[in-house]
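Per my numbering, the very first residue in the sequence shown carries number 9; after that it's consecutive.
Each residue gets a CB set at the ideal place from its N, CA and C atoms; glycine is no exception.
Written out below as structure tokens is the structure these notes cover.
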Amino acid sequence: MHTNHIYIIFFILMIGFCVPRVTLGQSEIEEERSSLLGLPGVGFTVDIEQNTAFADTQLVKIETIKDLGIQALKEGEITIYDDRQIQESIRRPVLYVHLNLLSTKTGIISFGITASLYQPVKLVLNGDKEITASTWETSVVGIASYDKIGVIKQAAVGVVKNFIDDYHRVNSN
Numbered sequence: 009m010h011t012n013h014i015y016i017i018f019f020i021l022m023i024g025f026c027v028p029r030v031t032l033g034q035s036e037i038e039e040e041r042s043s044l045l046g047l048p049g050v051g052f053t054v055d056i057e058q059n060t061a062f063a064d065t066q067l068v069k070i071e072t073i074k075d076l077g078i079q080a081l082k083e084g085e086i087t088i089y090d091d092r093q094i095q096e097s098i099r100r101p102v103l104y105v106h107l108n109l110l111s112t113k114t115g116i117i118s119f120g121i122t123a124s125l126y127q128p129v130k131l132v133l134n135g136d137k138e139i140t141a142s143t144w145e146t147s148v149v150g151i152a153s154y155d156k157i158g159v160i161k162q163a164a165v166g167v168v169k170n171f172i173d174d175y176h177r178v179n180s181n
């Protein structure tokens with residue numbers, strides 16, 4: 009009987025320590041999602057950083073990822089600002105996708121892909137100074153081989169689709 013009490017106390021303590029951390033993480037996700045509320049549209053840009061074993065080889069082309077991302081945004085019915093509109097005003101939100109690729113001569117490519125939404129924000133504690141900051145972010149890591157390079161493209165489109173899903177989640181009403 010005494011052993012059962014110890015297990016019950018241990019269980020209660022575990023719940024007491026874990027639940028607040030889970031709740032904090034969930035509230036942070038909801039806060040990020042809420043930054044998408046009312047967005048009229050986004051600019052879209054892609055950056056690729058690669059350290060390849062074959063220096064003259066570009067594993068994935070920026071244009072390909074950008075075209076696939078724009079296609080996903082259009083299918084998701086998100087207004088896309090063109091590059092000229094983005095350059096004219098810092099006040100337009102931009103979805104920035106960054107791919108980091110590391111390949112080896114053994115044919116393995118490890119990758120990390122991050123999508124961040126940058127938009128104008130005010131720093132309340134700094135006299136309402138306006139800056140551009142990331143208000144939403146998602147990422148994925150993985151590995152692929154040279155004959156399965158499409159996995160990287162699919163993962164890049166996947167982070168864009170995560171943005172689209174969150175956008176529609178908060179703007180559905």
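*Are P101 and Q127 touching if we call contact CB-CB under 7 angstroms?*
For P101 and Q127, yes; Cβs fall inside 7 angstroms.
*Quick one: measure Cβ to Cβ for Q58 and L45, integer angstroms, because I've assumed they're closer than 8 angstroms.*
Rounded, the Cβ-Cβ distance is 35 angstroms, inconsistent with contact.
_Length at least 4, wholly inside the stretch 39-118: the alpha helix (DSSP H) runs in chain order_ = Listed in chain order, they are 70-83 and 91-96.
*Applying the criterion that 16 or more other CB atoms from any shown protein chain within 10 Å of the CB defines a buried residue, is L47 buried or exposed?*
Buried, by the Cβ-count rule.
*State buried or exposed for S111, treating a residue as buried only when at least 16 other CB atoms are found within 10 Å of its CB.*
Looking at its Cβ environment, which holds 16 or more other Cβ atoms inside 10 Å, S111 is buried.
_Where G120 falls: helix, strand or coil (DSSP)_ = It is a strand residue.
_Same chain, Cβ closer than 8 angstroms to I98, neighbours up to 5 away in sequence not counted_ = Setting aside the 5 residues that flank it on each side, I98 is surrounded in the same chain by P128 and T140, each with a C-beta closer than 8 angstroms to its C-beta; the list follows chain order.
*For G33, which three-state DSSP category applies?*
Confidence in G33 is poor, its pLDDT being 43 and thus under 50, which makes the residue's placement unreliable; the coordinate value appears in the next sentence. Taken through DSSP and simplified to helix, strand or coil, G33 comes out as helix.
*E141 - partner residues in DSSP beta bridges*: A small fix is needed here, since residue 141 is Ala in this sequence, not Glu. Answer is Q127.
*asked:* What does the alpha-carbon distance come out to for the pair G150 and N108?
replied: Between G150 and N108, the C-alpha separation is close to 11 angstroms.
*Per DSSP, A152 forms a beta bridge with which residues?*
A152 pairs with I117.
*Considering only C-alpha positions, which residue in the set E85, T53, E71 and I160 is nearest to D174?*
Of the candidates E85, T53, E71 and I160, the one whose C-alpha sits nearest the C-alpha of D174 is E85.
_Residues of its chain near V167, where Cβ-Cβ distance is below 8 angstroms and the 5 sequence neighbours each way are ignored_ = Hits under 8 angstroms: V105, I121, T122, A123, T146, S147 and V148.
*Is the Cβ-Cβ distance between G49 and Y89 less than 7 angstroms?*
The Cβ-Cβ distance between G49 and Y89 falls below 7 angstroms.
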